[in-house]
Amino acid sequence: DQQVKQNSPSLSVQEGRISILNCDYTNSMFDYFLWYKKYPAEGPTFLISISSIKDKNEDGRFTVFLNKSAKHLSLHIVPSQPGDSAVYFCAASDSGGTSYGKLTFGQGTILTVHP
Amino acid sequence: DSGVTQTPKHLITATGQRVTLRCSPRSGDLSVYWYQQSLDQGLQFLIHYYNGEERAKGNILERFSAQQFPDLHSELNLSSLELGDSALYFCASSVRAGFNSPLHFGNGTRLTVT
């Protein structure tokens, strides 16, 4: 049972345009969401997060939107740069109980930004 | 550089064997997490330690065990290895044990079981 899904295995965009990466979740207990970026031969790097009390969080070129009713979140990168080419993982967490930072990851989306 | 060190980077071993993966967290981080990434899969949570104590367990097999030592480094022990255990094993650390303390990942140990 995959509780966090990234339905697009890959995405290709032109430099300077917007990249939109999508993520859906099924577990209603999830209330904290994160995006990680991963380059080959490296570990994932934290990018941006959002709590369920918000519907938008922005950090420079990166904005995450959360639609709780649809159980959907998206990451917008504007403008996209070739250095953004990487695998992007969506992750979710349940802040209650004993989860203590246990993250449920999606399968990842490979983003390629062409010069 | 995340500051999290994992050794070894690569490990090749045979079925039935036992291996130990090591993780040194970032300086000052008390929480250590272990994740497994199999081919074409997302990262799967295995186990979480905070300041030497086990805090949460995920889908970790009984053949796998972990511990965090007084100096805060952690080891993941995998025994009776099977072909399906071949994967990337990531360690991550964070300052606190809470959900909103971002994880910092090491570069992983690639385990190949032949």
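Chains as they are written, first to last, in our numbering: chain A, 4 to 118; chain B, 495 to 608. The beta-carbon is built from N, C-alpha and C at its ideal position, and this holds for glycine as well.
Do D523 of chain B and S588 of chain B have their CB atoms nearer than 8 angstroms?
Start at 1 with the first residue of the second sequence, and residue 523 of chain B comes out as number 29. Start at 1 with the first residue of the second sequence, and residue 588 of chain B comes out as number 94. Going by C-beta atoms, D523 of chain B is nearer than 8 angstroms to S588 of chain B.
DSSP on L582 of chain B, reduced to helix/strand/coil?
Position 88 of the second sequence, counted from the start, is the residue given in the question as residue 582 of chain B. The three-state reading of DSSP puts L582 of chain B in strand, counting E and B together.
Name, please, each residue of chain A whose Cβ falls closer than 8 angstroms to the Cβ of P596 of chain B.
In the second sequence, residue 596 of chain B corresponds to position 102, counting from 1. Here the neighbours are L37, F49 and S52.
When the Cα of A89 of chain A is compared with those of A:K8, A:L14, A:V7 and A:N10, which residue comes out closest?
As a first step, residue 89 of chain A is located in the first sequence; it is residue number 86 there, counting from the start. Closest by alpha carbon: A:L14.
Take T608 of chain B and list the residues in its own chain whose beta-carbon comes closer than 7 angstroms to its own, dropping the five residues that flank it on each side.
Taking the second sequence and counting its residues from 1, the one referred to as residue 608 of chain B is at position 114. Take T608 of chain B, set aside five residues on each side of it, and the residues of its chain with a beta-carbon closer than 7 angstroms to its own are I506 and A508, in chain order.
Is the Cβ of L24 of chain A closer than 8 angstroms to any Cβ of chain B?
Walking along the first sequence from the start, residue 24 of chain A turns up at place 21. No, because no Cβ of chain B sits closer than 8 angstroms to the Cβ of L24 of chain A.
What's the gap between the Cα of S52 of chain A and the Cα of S574 of chain B?
Your numbering for residue 52 of chain A matches position 49 in the first sequence. Your numbering for residue 574 of chain B matches position 80 in the second sequence. Approximately 38 angstroms, taken between the alpha carbons.
Taking Cβ-Cβ distances shorter than 7 angstroms, what residues in chain A pair up with G600 of chain B?
Translated into positions along the second sequence, residue 600 of chain B becomes position 106. Those within 7 angstroms of G600 of chain B in chain A are G46.
What residues of chain B sit near K71 of chain A, judged by a beta carbon separation below 7 angstroms?
As a working note, residue 71 of chain A is residue 68 in the first sequence. Those within 7 angstroms of K71 of chain A in chain B number zero; the least Cβ separation is about 17 angstroms.
C-beta neighbour in chain B for Q110 of chain A, strict 8 angstroms:
Stepping through the first sequence from its first residue, residue 110 of chain A is reached at position 107. Yes, Q110 of chain A counts as interfacial toward chain B.
Within 8 angstroms (strictly less), CB to CB, does L76 of chain A reach chain B?
The residue you call residue 76 of chain A lines up with position 73 of the first sequence. Any Cβ of chain B closer than 8 angstroms to the Cβ of L76 of chain A would place that residue at the interface, and such an atom is absent.
Within 8 angstroms of any Cβ in chain A, is that where the Cβ of F558 of chain B sits?
In the second sequence, residue 558 of chain B corresponds to position 64, counting from 1. Not closer than 8 angstroms to any Cβ of chain A, the Cβ of F558 of chain B fails to qualify, so no.
Under the rule that 16 or more other beta-carbon atoms within 10 Å means buried, what is Y42 of chain A, buried or exposed?
Working through the first sequence from its first residue, we reach residue 42 of chain A at position 39. By the neighbour-count rule (16 or more Cβ atoms within 10 Å), Y42 of chain A is not buried but exposed.
Can you give me the C-alpha to C-alpha distance between S54 of chain A and R20 of chain A, rounded to a whole angstrom?
Locating residue 54 of chain A in the first sequence gives position 51, where the first residue counts as 1. Locating residue 20 of chain A in the first sequence gives position 17, where the first residue counts as 1. S54 of chain A and R20 of chain A: Cα-Cα distance of roughly 27 angstroms.
Cβ pair G546 of chain B, R520 of chain B closer than 8 angstroms:
Along the second sequence, one-based indexing puts residue 546 of chain B at 52. Along the second sequence, one-based indexing puts residue 520 of chain B at 26. No, Cβ-Cβ distance for G546 of chain B and R520 of chain B is not below 8 angstroms.
Return the first residue and the last residue of the beta strand (DSSP E) that G571 of chain B is part of.
Working through the second sequence from its first residue, we reach residue 571 of chain B at position 77. One point to set straight first is that residue 571 of chain B is Asn, not Gly, in the sequence displayed. S568 to L572 is the span of the beta strand (DSSP E), which, as asked, contains N571 of chain B.
For H542 of chain B, which residues of its own chain have a beta-carbon under 6 angstroms away from its beta-carbon, when the five flanking residues on both sides are left out?
Sequence index remark: in the second sequence, residue 542 of chain B carries index 48 (1-based). Result list for H542 of chain B: Y527, R549 and A550, in chain order.
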